[in-house]
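Data block below; observations after.
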Amino acid sequence: MAMTQTHELDLRTAEKFARIALSHVEREYPHKPGFVFGSPNDVRSPRETHPVFFGSYDWHSCVHGYWMLARLLNRFADLPAAPEIRGLFERRLTSAAVAGEVALFERPESRGFERPYGWGWLLKLAAELEIMEERRFADILRPLSRLVAGRFRDFLPLATYPVRVGTHFNTAFAIRLAADYGEAINDAAFLYLLRTTALRWYGEDRDCPAWGEPSGDDFLSSALTEAECMRRLLPIETFADWFSRFLPRLAEGQPATLFSPASVSDRSDGKIAHLDGLNLSRAWCFRSLTGALPLNDLRHSVLHAAADRHLAVSLPHVAGDYMGEHWLASFAILALEA
Numbered sequence: 646m647a648m649t650q651t652h653e654l655d656l657r658t659a660e661k662f663a664r665i666a667l668s669h670v671e672r673e674y675p676h677k678p679g680f681v682f683g684s685p686n687d688v689r690s691p692r693e694t695h696p697v698f699f700g701s702y703d704w705h706s707c708v709h710g711y712w713m714l715a716r717l718l719n720r721f722a723d724l725p726a727a728p729e730i731r732g733l734f735e736r737r738l739t740s741a742a743v744a745g746e747v748a749l750f751e752r753p754e755s756r757g758f759e760r761p762y763g764w765g766w767l768l769k770l771a772a773e774l775e776i777m778e779e780r781r782f783a784d785i786l787r788p789l790s791r792l793v794a795g796r797f798r799d800f801l802p803l804a805t806y807p808v809r810v811g812t813h814f815n816t817a818f819a820i821r822l823a824a825d826y827g828e829a830i831n832d833a834a835f836l837y838l839l840r841t842t843a844l845r846w847y848g849e850d851r852d853c854p855a856w857g858e859p860s861g862d863d864f865l866s867s868a869l870t871e872a873e874c875m876r877r878l879l880p881i882e883t884f885a886d887w888f889s890r891f892l893p894r895l896a897e898g899q900p901a902t903l904f905s906p907a908s909v910s911d912r913s914d915g916k917i918a919h920l921d922g923l924n925l926s927r928a929w930c931f932r933s934l935t936g937a938l939p940l941n942d943l944r945h946s947v948l949h950a951a952a953d954r955h956l957a958v959s960l961p962h963v964a965g966d967y968m969g970e971h972w973l974a975s976f977a978i979l980a981l982e983a
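If you count by the working numbering, then the sequence shown holds residues 646 to 983, one letter each, in order.
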């Protein structure tokens, strides 16, 4: 997929990404279930189990497919796919369907369903719906978004330790997305919980070696995602001090392992295809972190160049094989809009 040299999101690219998401958010199969069956009555089709988010191979990918569509609708008033996106929301985001999603979360076996990755993306979607011209979709989703926010409130005080892996269990990524929801609904108490949790988990981290990156199925950088989480949640002066301690040799391109895009050997393998997501999510973090630095900071050009390298490697592969196509465009949007 051809992109501009500056790797910015334009109308043409937005339309391509919208068409990708529209092609899979209502595609029921193949489907990977992510919950515990409590009884034979729980064995139902994806569409019966997840009345809204049954497509896109798995629940969380469908959720962030909807987020991307809402984001593009908000971003581009003249998006050609806009009528189809609105039609999708009219069909799927109904009170009855959302009640069905809530019912799944309320099963005793679902306490950990989609924790924390899907929780973060659901709240990211809710935040985007809050700023849509048609606010009723945010109102319709609210029983589920409030339930998920409540899950965060219950879980974070119990989570003694963070999870630093580069996959769905990464806690920094989830609370970073959740922060957008807290801000969108002006929930100071929720933001305070996220901020104090981040400081408890990551506040004393120093001189991150990033030696485990990349792992074979990472789609998040443990180091950079943590830094982006702290950037989002901390006051700029506090973050600046923390960031200098956390990655003290960034101006020298160190740790070197963070600056080389991951190689993807087989995009038909769902786990290996994660590495395209790693490149895109790294680019998102690099660009976001760059924006927190003064223009005369030596790290600025280093991070900006790294973002461009990572985007160049994986943007051409957002579409192609369904193992990546059902989710990668969302991460491309994060990177291009950072």
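We put the beta carbon where it would ideally sit given N, CA and C, even for glycine.
Rounded to whole angstroms, what's the CA-CA distance from F698 to A742? Just pull it up for me.
Each residue's Cα considered, the two are about 9 Å apart.
Here's a check: name, in chain order, each residue in its chain whose Cβ is nearer than 7 Å to the Cβ of C930, leaving out the five neighbours to either side.
Apart from the 5 residues on each side of it in sequence, C930 sits with its Cβ closer than 7 Å to the Cβ of S866, L869, T870, A872, E873 in its chain, given in chain order.
Of the residues F835, A950, L733, the one placed nearest L768, counting alpha carbons only:
Ranking the options by Cα distance to L768, first place goes to F835.
Look at the alpha carbon of R877 and the alpha carbon of F800, and state the distance between them as a whole number of angstroms.
Taking the straight line from one Cα to the other gives about 20 Å.
Under 8 Å: do the stretch 813 to 820 and the stretch 747 to 756 share three or more Cβ pairs, one atom per stretch?
Under the Cβ criterion (8 Å, minimum of three pairs), the stretch 813 to 820 does not count as touching the stretch 747 to 756.
Who are the near neighbours of A855 in its chain, counting only those whose CB is closer than 7 Å to its CB and skipping five residues on each side?
So the qualifying residues of the chain are A868, P900, T902, L903.
May I ask you to report which of helix, strand or coil DSSP gives F976?
DSSP places F976 in helix when its eight states are reduced to three.
Given 8 Å, three or more beta-carbon pairs between the stretch 659 to 668 and the stretch 717 to 729:
When C-beta atoms of the stretch 659 to 668 are compared with those of the stretch 717 to 729, three or more pairs fall below 8 Å, so the two segments count as touching.
R944 by DSSP, collapsed to three states: which one?
Reduced to three states, the DSSP call for R944 is helix.
Going residue by residue through the stretch 764 to 810, where are the continuous beta strand (DSSP E) segments of at least 3 residues, counting only ones entirely within it?
List check, beta strand (DSSP E) in window: nothing returned.
One question on the structure: do L879 and R944 come within less than 8 Å of each other, judged by their Cβ atoms?
For L879 and R944, no; Cβs fall outside 8 Å.
Taking the alpha carbon of V747 as the reference point, which residue from I917, T935, W764 has its own alpha carbon closest?
Nearest C-alpha to V747: W764.
The alpha helix (DSSP H) spanning A885 covers which residue range?
A885 -> alpha helix (DSSP H) spans 881 to 891.
Would you mind giving the Cβ-Cβ distance between H669 and S701, rounded to the nearest angstrom? I have them listed as a contact below 8 Å.
Correct: roughly 5 Å between the Cβ atoms.
Roughly how many whole angstroms lie between the Cα atoms of L923 and D863?
Cα atoms of L923 and D863: separation of roughly 6 Å, rounded to the nearest angstrom.
Please report the distance separating the alpha-carbon of L925 from that of S740.
For L925 and S740, the distance between alpha carbons rounds to 34 Å.
A748 by DSSP, collapsed to three states: which one?
In the structure shown, A748 sits in a helix (DSSP, three-state: H, G or I).
Could you check how far apart the C-beta atoms of D914 and M968 are, in whole angstroms? I think they sit under 8 Å.
The C-beta distance from D914 to M968 rounds to 7 Å, short enough to fall under 8 Å.
Tell me which same chain residues have a C-beta within less than 6 Å of the C-beta of W972, skipping the five on either side of it?
The beta carbon of W972 lies closer than 6 Å to those of S706 in the same chain, with the five residues before and after it left out.
Output the distance between the C-alpha atoms of T694 and R798, rounded to the nearest integer angstrom.
Cα atoms of T694 and R798: separation of roughly 25 Å, rounded to the nearest angstrom.
Out of E773, D942, D687, A937, point me to the one whose CA is closest to F750's CA.
Minimum Cα distance to F750 is reached at D687.
Measure the Cβ-Cβ separation of H955 and R927 and say whether it is below 8 Å.
The answer is yes: Cβ separation under 8 Å.
Quick check: what's the CA-CA separation for L979 versus E775?
The alpha-carbon of L979 is positioned some 18 Å away from that of E775.
Reducing DSSP to helix, strand and coil, say where L878 ends up.
Three-state DSSP puts L878 in a helix.
Using the C-alpha atoms, what's the distance from P761 back to C853?
Rounded to whole angstroms, C853 to P761 spans 23 Å at the Cα level.
Helix, strand or coil: which one does DSSP assign to V677?
Sequence check: residue 677 is Lys here, not Val. In the structure shown, K677 sits in coil (DSSP, three-state: anything other than H, G, I, E or B).
Could you tell me which uninterrupted alpha helix (DSSP H) segments, each at least 4 residues in length, are contained entirely in the stretch 676 to 747, listed from first to last along the chain?
Counting whole runs of 4 or more residues, the stretch 676 to 747 contains the alpha helix (DSSP H) stretches 691 to 694, 704 to 720, 727 to 737.
Of the listed residues A983, V963, L839, nearest to L948 (C-alpha basis):
For the residues A983, V963, L839, the minimum Cα distance to L948 belongs to A983.
Does the beta-carbon of Y847 have 16 or more other beta-carbons within 10 angstroms, so that it is buried, or is it exposed?
Buried, because 16 or more other Cβ atoms sit within 10 Å of the Cβ of Y847.
Counted within 10 angstroms of its Cβ, other Cβ atoms place I881 as buried (16 or more) or exposed
By the C-beta density criterion, I881 is exposed, having fewer than 16 other C-beta atoms within 10 angstroms.
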